[in-house]
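Quick notes on the structure that follows.
Protein chains: 2
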Amino acid sequence: MARHRGKTEKLYVIPLGGLGEIGKNCMVVQYGDDIIVIDAGLAFPEEEMLGIDIVIPDFTYLLENREKVRGILITHGHEDHIGAVAYLLRNINIPVYATRLTLGLIEGKLAEMGMKLPAESKAVRAGDQVKLGPFTCEFIRVNHSIPDACAIAVTTPVGTILHTGDFKFDQTPIDGEFADYRRLTELGKRGILALLSDSTNAERPGYTPSERSVRPNMERVFREAKGRILMATFASNVHRIQQAIELAAEMGKKVAVVGRSMENTVRIALELGYLNVPEGTMVTVDELRRVPLNQQVILTTGSQGEPMAALSRMAVNDHKAIELYPGDTVLFAATAIPGNEKSVARTVNNLYRRGAEVIYDRSAGVHVSGHASQEEQKLMINLTRPKFFVPIHGEYRMLLKHKQLAEACGIPSENILIGENGTIFEFTRNSAQITGKVTSGQVLVDGLGVGDVGNIVLRDRKQLAQEGILIVVVAVDREEGTIVGGPDMVSRGFVYVRESEGLLDEAKERVKRALADQMQRGLPEWAVLKSSIRDVLSKYLYDKTHRRPMILPIIIEI
Amino acid sequence: MARHRGKTEKLYVIPLGGLGEIGKNCMVVQYGDDIIVIDAGLAFPEEEMLGIDIVIPDFTYLLENREKVRGILITHGHEDHIGAVAYLLRNINIPVYATRLTLGLIEGKLAEMGMKLPAESKAVRAGDQVKLGPFTCEFIRVNHSIPDACAIAVTTPVGTILHTGDFKFDQTPIDGEFADYRRLTELGKRGILALLSDSTNAERPGYTPSERSVRPNMERVFREAKGRILMATFASNVHRIQQAIELAAEMGKKVAVVGRSMENTVRIALELGYLNVPEGTMVTVDELRRVPLNQQVILTTGSQGEPMAALSRMAVNDHKAIELYPGDTVLFAATAIPGNEKSVARTVNNLYRRGAEVIYDRSAGVHVSGHASQEEQKLMINLTRPKFFVPIHGEYRMLLKHKQLAEACGIPSENILIGENGTIFEFTRNSAQITGKVTSGQVLVDGLGVGDVGNIVLRDRKQLAQEGILIVVVAVDREEGTIVGGPDMVSRGFVYVRESEGLLDEAKERVKRALADQMQRGLPEWAVLKSSIRDVLSKYLYDKTHRRPMILPIIIEI
């Protein structure tokens with residue numbers, strides 16, 4: 000990608016994550032020999048990714064071009080935007096630019112892995128500009144479900160790219176920080192070459208309600224609660240927590256925070272001034288005990304029914320500090336992320352069993368999305384009137400819908416590009432096209448291992464999970480050419496041995512006969528021995544059980 | 000449970016499935032030495048039940064009392080009401096009583112397992128009565144999302160129990176068969192001792208819309224479709240299929256059915272007269288090819304994104320008979336059952352990728368529930384005015400909500416009993432109480448095995464799934480007291496060997512050292528050898544990888 004002067008200068012935008020999916024957002028912007036990265040997030044493993052902790056983007060392209068990378072800019076502090084930063088920094092030491100809350104959260108994640116922020120990293124404010132090589136990067140305030148979220152405008156010799164980050168337009172934001180409409184229209188007037196915009200809610204008509212709209216509904220729940228109140232919400236939703244704290248203070252209640260990620264986020268938010276707590280309102284869990292039940296408010300993790308989270312454990316009476324009582328009101332100020340519906344239902348049922356009153360339906364009005372719905376997405380397009388439009392941050396159906404919205408706003412269809420992770424979007428002053436692909440994909444993190452669990456291991460785990468394993472050990476004396484021990488059989492995850500002894504005994508007899516057959520012509524190759532063991536067992540076991548355990552013959556030489 | 004004459008006569012109602020869950024419905028009714036069973040359904044396995052095909056009720060109580068069981072009555076043909084009948088009949092040969100469609104579906108399932116209906120089984124019509132010992136059992140028409148669904152009234156010397164089955168009240172049913180309001184009020188006037196009622200939609204206010212309300216929305220989709228139409232719905236939803244066929248016929252389109260369960264159900268429904276197909280409207284898939292695309296309607300399975308179902312395969316171009324084209328319209332006339340949201344989304348994204356237009360939101364109005372919402376549940380209570388009320392067919396939160404609805408209708412709180420599977424509800428003419436429990440629970444079916452996969456096997460499968468297995472084989476000569484072969488190590492689902500050779504080599508060295516240590520005092524007990532192998536490996540592997548594979552030491556004697 001050599002640099003050409005004048006009108007044929009090219010700017011490349013390459014998503015490494017976030018397109019065709021919700022998760023692991025990562026955008027590469029390249030001009031000549033200079034690269035910047037916007038966001039590096041994680042995705043949660045799919046059901047089939049057995050044993051996998053998190054999924055991060057395949058950073059191969061950046062590693063292959065490491066000397067070109069000037070820095071990484073982060074739009075906001077959600078996991079799907081910061082969760083992979085540590086893994087990237089381990090390989091490429093580049094400065095991180097982000098607003099203070101975002102940087103604080105990143106620092107916490109790095110510390111967990113024994114790392115520190117690179118020296119030139121910098122906390123920025125919305126409105127600040129950062130110059131990195133040929134890129135002038137400007138942070139522009141937007142609203143989202145975490146404070147201090149920004150869009151990022153990247154000005155280059157070719158033109159300006161505006162990356163919205165995750166956004167909504169909240170006309171009555173809790174912290175009084177409006178989206179920077181002026182700057183968006185100014186940049187639009189100056190000329191935005193391409194708008195890269197958040198597609199998450201492209202299938203939702205209308206506007207996303209303001210965070211403030213939650214308040215009267217939350218208040219009604221708080222006032223109607225006869226006893227203690229427990230509210231579960233996303234740990235990162237500082238504004239939701241702010242509203243709960245304010246309500247509690249107005250009603251003379253005390254608030255304690257429970258659950259590691261929420262305690263963490265609240266601590267950072269307090270330190271950095273993102274949370275305002277009236278004097279004396281927030282107390283420790285221990286101090287809360289001395290307060291009458293009907294003056295207690297507990298803010299807790301577990302809004303997604305995560306088995307290890309505080310609320311889920313309280314629901315089965317397994318939390319070391321908090322026991323639930325009949326008369327408690329539990330409020331889910333969150334919605335179930337797709338995939339989590341059953342775990343949420345499980346927790347709700349358990350909470351009811353413990354005698355709690357549970358409020359968790361969307362109709363309770365105590366949760367609003369952090370993402371723009373259709374009208375706001377169109378507003379973003381019309382504030383900025385970009386030349387070209389690239390929908391990002393969404394599954395394919397959301398990207399497609401977002402394209403249709405842009406067309407409805409008068410962006411010509413040929414100026415709208417739908418891509419996928421790895422797509423090379425090539426821009427000049429006057430053109431936009433898809434010109435190829437770079438390496439991209441998923442890297443699976445399991446324990447300390449990054450990328451070493453691949454398809455083969457997952458495929459094996461899947462068979463082990465569904466069917467179990469049957470191990471057959473045979474000891475051979477190679478010199479003598481004889482079988483001297485076994486066949487010994489051990490099974491795990493296949494049948495419960497005591498109940499199925501007849502089955503396994505008969506299976507062993509068949510293996511013996513098969514081995515005896517094989518041995519008639521002398522000791523065969525190991526591969527042949529193993530093959531004959533597998534064949535006779537898989538047939539026999541399937542006939543008897545209709546199951547296909549992994550059959551693992553092991554030949555040990557003495 | 001001896002029989003007492005007069006006022007102290009007792010009637011027992013014992014759920015073996017369906018309480019505290021959605022699935023595997025099964026109700027036992029016992030009077031003295033006579034038992035009847037209402038429904039025997041299956042449940043789908045939870046995510047943690049690795050490798051399990053279906054879950055059925057634990058029938059121990061019935062097996063222990065087999066000589067008392069007079070027959071089984073089925074309310075309707077859904078899997079969660081008929082899916083375990085075969086497994087029950089394999090153990091207790093009792094006649095089956097059900098409406099014709101229900102019996103036809105049961106016969107199909109039995110045939111798949113090489114079984115036939117017991118000789119005295121009988122197809123009944125709504126309104127018929129069946130006498131079994133002291134029980135007079137009457138089938139009473141209700142509406143549901145499958146034709147010929149009935150409530151069952153069981154009259155005994157103690158009083159009448161009314162089991163609603165699954166129901167809604169549809170005032171404009173597709174087949175013109177209204178719920179039998181007259182009989183319900185007659186029985187109520189005569190006196191219903193206890194009402195056992197479907198709690199599924201107890202959290203939904205209002206009324207469930209009529210099946211007919213789907214028609215105008217379906218018509219709009221059919222008319223707006225420029226090309227071919229594919230409609231995915233539940234195979235058992237014969238009325239939905241009926242409406243689609245009628246619409247197609249009106250519009251001069253041809254209909255083909257694709258997908259095993261749908262082809263099956265349509266065949267049975269046609270044979271038994273539950274489906275009315277205008278002459279020439281239904282064709283085979285092959286015949287459909289000769290029809291212009293914009294006159295084609297394909298009814299298909301896959302509404303839940305089931306990976307092997309027809310629509311899911313079409314979406315990834317893996318269906319042997321049907322390829323999707325841009326211009327196709329795919330209509331999901333179903334809603335995602337909780338737990339299936341992600342598979343549905345996956346299929347939807349794939350369909351969009353193939354260029355299809357996809358309509359799948361609840362707001363499209365092409366699906367309505369088959370279960371009563373709150374107002375209908377209250378109506379059922381008020382039509383029947385039972386003395387006692389037992390909410391059934393629901394998770395705990397639904398049972399609880401249903402109880403609150405009954406209280407709102409004036410049923411005294413002490414006359415409403417919430418139980419769980421296994422609960423013994425004891426009724427006399429004047430009282431109702433919970434008096435104990437019988438054996439109950441889940442029986443897991445995996446392949447041909449019923450109940451042999453239990454907790455230990457599942458626990459092992461879970462560890463294998465998450466972490467994989469590392470097998471260490473050592474050959475010993477017991478007489479000589481020496482180790483003669485190994486330690487050989489094999490892993491599956493843990494690491495990809497080629498990439499992790501260093502790790503496994505070092506692990507082997509450590510095992511060798513540990514074994515050498517152990518051998519200093521002569522060959523120890525096998526248990527000691529295995530233990531030392533496990534200890535050294537689990538620590539080493541966790542330090543290096545933060546993973547905990549199953550470690551399986553095997554000692555083979557030569």
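So the protein lines, in turn, are chains A and B.
To convert, note that position 491 of the first sequence is 490 in numbering that gives the first Met the number 0; the numbers rise steadily by one, no gaps.
To convert, note that position 558 of the second sequence is 557 in numbering that gives the first Met the number 0; the numbers rise steadily by one, no gaps.
In this text, a Cβ means the ideal position worked out from N, Cα and C, and glycines have one as well.
Item to check | Members of the region 466-483 of chain A that neighbour chain B once the beta carbon cut-off is set at 7 Å | outcome: 466, 467, 468, 470, 472, 474 and 483
Checklist entry - Residues of chain A with CB under 7 Å from residue 626/B, in chain order? => result Chain B is shown only over 0 to 557; residue 626/B falls outside these bounds and no answer can be derived.
Item to check | Check whether residue 503/A and residue 267/A have beta carbons under 8 Å apart | outcome: no
Checklist entry - Expressed to the nearest angstrom, what Euclidean distance is found between the alpha-carbon atoms of residue 186/B and residue 378/B? => result Taking the straight line joining both Cα atoms gives about 14 Å.
Checklist entry - Does any C-beta atom of chain B lie closer than 8 Å to the C-beta of residue 159/A? => result no
Next on the checklist: Below 8 Å on the Cβ atoms is my contact criterion, and I expect residue 271/B with residue 314/B to pass it. Report the Cβ-Cβ distance as a whole number of Å.
Outcome noted: Incorrect: roughly 32 Å between the Cβ atoms, too far for contact.
Item to check | Host alpha helix (DSSP H) of residue 567/A (start-end) | outcome: Past the boundaries of the shown model lies residue 567/A; chain A is included only from 0 to 557, so the question cannot be answered.
Checklist entry - Distance, Cα to Cα, residue 546/B vs residue 47/A? => result 18 Å
Checklist entry - residue 345/B and residue 301/B look like a contact to me (Cβ under 8 Å); what is the Cβ gap, rounded to whole Å? => result The pair is not a contact, with the Cβ atoms about 11 Å apart (cut-off 8 Å).
Item to check | DSSP beta-bridge partners of residue 603/B | outcome: Here chain B covers residues 0 to 557 and nothing more, so residue 603/B does not appear.
Checklist entry - Taking 8 Å as the CB-CB cut-off, is residue 16/B touching chain A? => result no
Checklist entry - Going by the CB atoms, is the gap between residue 426/A and residue 193/A shorter than 8 Å? => result yes
Next on the checklist: So that I know if they touch, is there some Cβ in chain B lying closer than 8 Å to that of residue 489/A?
Outcome noted: Yes, because at least one Cβ of chain B sits closer than 8 Å to the Cβ of residue 489/A.
Checklist entry - Shortest alpha-carbon distance to residue 440/B belongs to which of 22/B, 10/B and 402/B? => result 22/B
Checklist entry - In terms of residues, what are the limits of the beta strand (DSSP E) holding residue 196/B? => result 193-197
Next on the checklist: Within a Cβ cutoff of 6 Å, which residues of the same chain sit near residue 509/A, ignoring the five residues on either side of it in sequence?
Outcome noted: 535 and 539
Checklist entry - For chain A, is any of its Cβ atoms less than 8 Å away from the one on residue 436/B? => result no
Item to check | Contacts that residue 445/B makes with chain A (C-beta to C-beta distance below 7 Å) | outcome: 546
Checklist entry - Among residues of its own chain, excluding the 5 on either side of residue 216/A, which ones have a beta-carbon nearer than 8 Å to its beta-carbon? => result 363, 364 and 365
Checklist entry - Among all the DSSP beta bridges, which residues are the ones paired with residue 55/B? => result 442/B
Checklist entry - DSSP three-state call for residue 142/A: helix, strand or coil? => result Residue 142/A: strand per DSSP, three-state reduction.
Item to check | Exposed unless 16 or more other CB atoms sit within 10 angstroms - verdict on residue 232/A | outcome: That one is buried.
Item to check | C-beta neighbour in chain B for residue 41/A, strict 8 Å | outcome: no
Checklist entry - The alpha helix (DSSP H) with residue 253/A in it runs from where to where? => result Counting along the chain, residue 253/A falls outside any alpha helix (DSSP H), though it belongs to the beta strand (DSSP E) covering 253-257.
Next on the checklist: Please state the DSSP three-state secondary structure of residue 125/A.
Outcome noted: coil
Checklist entry - Within the 8 Å Cβ cut-off, does residue 348/A reach chain B? => result Yes - at least one Cβ of chain B is within 8 Å of the one on residue 348/A.
Next on the checklist: With a threshold of 6 Å on Cβ separation, who are the neighbours of residue 236/A within its own chain once the five nearest residues in sequence on each side are excluded?
Outcome noted: 144
Item to check | Span of the alpha helix (DSSP H), counted from its first residue to its last, around residue 79/A | outcome: Taken as a continuous stretch (DSSP letters only), the alpha helix (DSSP H) holding residue 79/A covers 78-81.
Checklist entry - According to DSSP, is residue 1/B helix, strand or coil? => result Because the pLDDT at residue 1/B is just 48, under 50, the model does not fix this residue reliably, and the value given afterwards should be weighed accordingly. Looking at residue 1/B - three-state DSSP - the assignment turns out to be coil, as it is neither helix nor strand.
Checklist entry - Based on the DSSP output, what are the partners of residue 88/A in its beta bridges? => result Partner(s): none; residue 88/A has no beta bridge.
Checklist entry - Exposed or buried, which one is residue 257/B when buried takes at least 16 other CB atoms within 10 Å? => result That one is buried.
Checklist entry - Which value, in whole angstroms, describes the spacing of the CA atoms of residue 238/B and residue 174/B? => result 8 Å
Checklist entry - For chain A, is any of its Cβ atoms less than 8 Å away from the one on residue 0/B? => result Annotation note: pLDDT 47 at residue 0/B (below 50); position unreliable, coordinate value reported separately. With 8 Å as the cut-off, residue 0/B does not count as an interface residue toward chain A.
Checklist entry - With C-beta atoms as the reference, is residue 330/B less than 8 Å away from residue 240/B? => result no
Item to check | Identity of the residue in 263/A, 273/A, 262/A and 277/A nearest residue 252/A by Cα | outcome: For the residues 263/A, 273/A, 262/A and 277/A, the minimum Cα distance to residue 252/A belongs to 277/A.
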